[in-house]
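Residue numbers (this note's numbering): 1 to 215. Reading through the structure tokens given below for one structure.
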């Protein structure tokens with residue numbers, strides 16, 4: 001298994017923007033090429049799911065199975081453009097608590113203050129321009145026509161209490177991809193994989209190993 005930090009996140013550089021969704025897809029293709037992986041299972045959360053959907057539609061030969069978690073094919077752009085402007089003007093630390101409050105249910109956050117603090121530090125430590133450029137990518141996406149071009153077996157995971165991208169977003173994705181399976185977890189907010197770890201991981205493993213290809 002390989003995980004990576006997308007541009008503008010974690011330890012990856014934040015090249016000057018603006019970025020497009022295809023720029024982020026190109027990064028994944030370059031990574032697969034560098035690893036010598038002609039084909040791979042791909043899973044993505046939120047923006048990562050958007051990257052995965054465009055990758056599967058654009059480069060179907062590179063995708064064996066796809067999992068899209070807590071993501072969307074199209075969002076209301078204004079909130080993301082506003083957040084991009086805020087990041088550039090005052091940095092990401094100013095809204096880190098508000099962002100993290102959408103990632104976990106209030107009950108889980110109250111029970112795990114160390115996790116909340118770690119996530120808030122992660123948001124506050126993000127490169128301001130890289131974060132802003134990625135917000136603009138999310139605000140500008142429209143994957144509705146891509147859905148019909150996705151041929152990889154696809155699992156779509158939704159979180160019942162997600163305030164950022166609630167279940168209708170994932171229901172739309174699942175309806176648009178032929179043969180897609182929709183799973184809903186609860187309780188769970190935007191990063192329900194942190195709250196329903198065993199359930200989400202089990203769903204991913206079951207999906208990716210459905211034809212024995214991960215053995």
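All C-beta atoms in this analysis are idealised placements derived from N, C-alpha and C, irrespective of residue type, glycine included.
The three-state reading of DSSP puts residue 92 in helix, counting H, G and I together. Rounded to whole angstroms, residue 151 and residue 90 show a C-alpha spacing of 42 Å. When the beta-carbon positions are compared, residue 51 and residue 75 stay at least 9 Å from each other.
In its chain, beyond the 5 residues on either side, 21, 50 have a beta carbon closer than 6 Å to the beta carbon of residue 141. A residue is called buried once 16 or more other Cβ atoms fall within 10 Å of its Cβ, and residue 146 is buried on that count. Put simply, the backbone Cα of residue 110 is about 17 Å away from that of residue 186. For residue 157, DSSP records a beta bridge to 69, 183. In the three-state reduction of the DSSP assignment, residue 45 falls in the strand class, which pools E and B. Rounded to whole angstroms, the gap between the alpha carbons of residue 155 and residue 172 is 13 Å.
For residue 196, the number of other beta carbons within 10 angstroms of its own is at least 16, and it is reported as buried. The residues 7, 8, 133, 134, 136, 137, in chain order, have a CB closer than 8 Å to that of residue 19 in the same chain once the five nearest residues on each side in sequence are set aside.
Beta-carbon to beta-carbon, residue 194 and residue 115 are separated by about 7 Å, close enough to satisfy the 8 Å threshold.
Taking C-beta atoms as the reference points, residue 189 and residue 104 count as a pair closer than 9 Å. Of the residues 27, 17, 53, the one whose Cα lies closest to the Cα of residue 180 is 53. Contact annotation: residue 62 and residue 29 have beta-carbon atoms nearer than 9 Å.
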